[in-house]
DNA sequence: TAAATAAAAGACAATTTAGTCTTTTATTTT
DNA sequence: AAAATAAAAGACTAAATTGTCTTTTATTTA
């Protein structure tokens with residue numbers, strides 16, 4: 037479904053946004069430790085997120101990564117798009133290039149319903165929503 | 037979602053079952069041509085399907101691959117399980133090992149709904165159903 | 001029984017994806 | 001201004017997946 041990197045990216049952003057206020061910075065080490073992932077992997081992927089405007093960063097001592105209050109309001113889709121792209125929401129279940137209502141693969145109609153539902157989840161769930169769940173102990177970022 | 041191999045496998049089985057009657061045999065070349073895929077890839081993957089009992093084969097001249105009428109009634113899930121396994125229907129969206137209703141990741145509840153829906157599609161749709169669609173010109177296996 | 005046919009099996013190669021490491025650049029603090 | 005800190009950048013390695021090829025085995029037909 038999502039790539040491994042993308043899953044880590046979502047956890048990293050939620051961790052950052054749930055533990056730190058808007059503008060408050062966290063370093064790579066801390067974020068990696070907080071979501072139980074490799075520092076190297078997290079470092080690399082945070083770069084991508086900064087480049088795509090999902091989060092921000094500042095170099096140097098007392099630098100780090102942070103989210104703005106606006107970025108808290110963005111849907112998970114932004115993270116997914118930055119790392120994996122949006123292809124999974126348009127691709128045919130059987131790999132046809134031209135699969136549509138007028139030229140469907142044999143599972144097109146049903147598959148589209150499920151695929152669209154996933155799309156709804158990722159476009160309606162916002163970073164802030166998930167932070168609340170984590171902060172209230174209703175959801176977890178680690179096993 | 038599904039691996040490339042698995043997508044080809046589904047198309048191969050549907051092609052075989054839609055073009056040939058129960059017990060009627062088709063060769064690798066023909067199946068590969070019929071779904072616009074590489075002979076090598078198809079040959080290899082059909083082996084897997086035979087081993088897992090999704091289809092049957094007979095060696096030698098006038099040999100080939102075929103499906104029984106019983107195999108026509110099997111759900112797509114059997115193909116998916118034979119090639120990719122059923123993991124995609126249990127895996128956590130964010131990659132947690134222990135993600136459940138009592139220890140959920142932040143998207144568990146919604147994701148599970150969509151995931152379960154996909155599972156329903158693959159367990160209720162049978163090979164024969166899709167063959168009918170293809171044979172009636174309601175669905176296609178190639179672009 | 002020999003030749004031809006077609007799948008089975010497995011080795012191998014290529015590609016893609018993921019993960020790691022090193023060097024560079026920017027910023028801050030002393 | 002120098003030293004320290006932390007991200008940026010990119011090269012590199014490793015692993016997983018996908019795809020290709022060759023050899024073997026079974027079967028049939030002449």
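Residue numbers (the working numbering), protein chains in the order written: chain Y, 37 to 179; chain V, 37 to 179. A virtual CB, placed ideally from N, CA and C, is assigned to each residue, including glycine.
| Comparing the C-beta of residue 131 of chain V with each C-beta of chain Y, is any distance below 8 Å? | In the second chain, the residue the question calls residue 131 of chain V occupies position 95. So, interface residue.
| field | DSSP-derived helix/strand/coil call for residue 72 of chain Y | value | The residue you call residue 72 of chain Y lines up with position 36 of the first chain. Coil, per DSSP.
| query | Is DSSP giving residue 129 of chain V helix, strand or coil here? | reply | Numbered from its first residue, the second chain carries residue 129 of chain V at position 93. The answer is coil: DSSP assigns residue 129 of chain V none of H, G, I, E or B.
| request: Could you tell me which residues DSSP puts in a beta bridge with residue 92 of chain Y? | output: For the purposes of this step, residue 92 of chain Y is taken as residue 56 along the first chain, with counting starting at 1. Looking at the DSSP assignment, residue 92 of chain Y forms a beta bridge with Y:102.
| field | Cβ shell of residue 65 of chain V (< 7 Å), same chain only, five flanking positions each side left out | value | On the second chain, residue 65 of chain V is found 29 positions in, with the first residue counted as 1. The answer, listed in chain order, is 75.
| field | Contact the region 110-122 of chain Y vs the region 157-169 of chain Y: 3+ CB pairs below 8 Å | value | yes
| Nearest to residue 139 of chain V (by Cα), restricted to the options Y:151, Y:55, Y:45 and Y:172 | Start at 1 with the first residue of the second chain, and residue 139 of chain V comes out as number 103. Per the Cα distances, Y:172.
| said: For a cutoff of 8 Å on Cβ pairs, would you count residue 103 of chain V as touching chain Y? | reply: Residue mapping note: residue 103 of chain V aligns to position 67 of the second chain, counting from 1. Not one chain Y Cβ lies under 8 Å of residue 103 of chain V.
| task | Could you check which residue in V:133, V:178, V:152 and V:177 has the C-alpha nearest to that of residue 40 of chain Y? | result | Sequence index remark: in the first chain, residue 40 of chain Y carries index 4 (1-based). Considering only alpha carbons, the answer is V:133.
| field | 8 Å contact criterion, which residue 101 of chain Y and residue 62 of chain Y should meet: CB distance rounded | value | Position 65 of the first chain, counting from 1, holds the residue named residue 101 of chain Y. Position 26 of the first chain, counting from 1, holds the residue named residue 62 of chain Y. Going by Cβ atoms, the distance from residue 101 of chain Y to residue 62 of chain Y rounds to 6 Å, so yes, they are a contact pair.
| task | Please confirm if residue 90 of chain V has its CB atom under 8 Å from at least one CB of chain Y. | result | Taking the first residue of the second chain as 1, we reach residue 90 of chain V at position 54. Chain Y, which has no Cβ nearer than 8 Å to the Cβ of residue 90 of chain V, makes this no.
| query | Taking only beta-carbon atoms, is residue 113 of chain V less than 8 Å away from chain Y? | reply | Along the second chain, one-based indexing puts residue 113 of chain V at 77. No, residue 113 of chain V lies away from the interface with chain Y (no Cβ there is under 8 Å from its Cβ).
| field | Limits of the unbroken alpha helix (DSSP H) element including residue 58 of chain V | value | Taking the first residue of the second chain as position 1, residue 58 of chain V is located at position 22. Segment: none, residue 58 of chain V is in no alpha helix (DSSP H) and carries neither H nor E.
| said: Between Y:144, Y:72, Y:38 and Y:147, which has its C-alpha nearest residue 178 of chain Y's C-alpha? | reply: Residue numbering aside, residue 178 of chain Y sits at position 142 when the first chain is read from its first letter. The option with the nearest alpha carbon to residue 178 of chain Y is Y:72.
| request: May I ask which residues mark the beginning and end of the alpha helix (DSSP H) holding residue 172 of chain Y? | output: For the purposes of this step, residue 172 of chain Y is identified with residue 136 of the first chain, where counting begins at 1. Unbroken run through residue 172 of chain Y: none, as it is neither H nor E.
| residue 150 of chain Y: contacting residues in chain V (beta-carbon distance under 7 Å) | In the first chain, the residue the question calls residue 150 of chain Y occupies position 114. Correct list: 150, 153, 154 and 157.
| message | So that I know if they touch, is there some Cβ in chain V lying closer than 8 Å to that of residue 48 of chain Y? | response | Mapped onto the first chain, residue 48 of chain Y falls at position 12. Cβ-Cβ to chain V under 8 Å: no for residue 48 of chain Y.
| For residue 62 of chain V, does the three-state DSSP call read helix, strand or coil? | Sequence index remark: in the second chain, residue 62 of chain V carries index 26 (1-based). Correct three-state label for residue 62 of chain V: strand.
| What three-state label does DSSP hand residue 162 of chain Y in the structure shown? | In the first chain, counting from the first residue as 1, residue 162 of chain Y sits at position 126. Note: residue 162 of chain Y maps to strand in three-state DSSP.
| message | If we define contact as Cβ-Cβ less than 8 Å, is residue 176 of chain V a contact residue for chain Y? | response | As a working mapping, residue 176 of chain V is identified with position 140 in the second chain. So yes, residue 176 of chain V belongs to the interface.
| Looking at chain V, which residues of the region 161-175 of chain Y have a Cβ within less than 7 Å of any of its Cβ atoms? | 161, 166, 169, 170 and 175
| request: Taking C-beta pairs closer than 7 Å, name the residues in chain V that residue 65 of chain Y reaches, listed in chain order. | output: Position 29 of the first chain, counted from the start, is the residue given in the question as residue 65 of chain Y. Near residue 65 of chain Y there are no residues of chain V at all, since even the closest Cβ is about 20 Å away, more than 7 Å.
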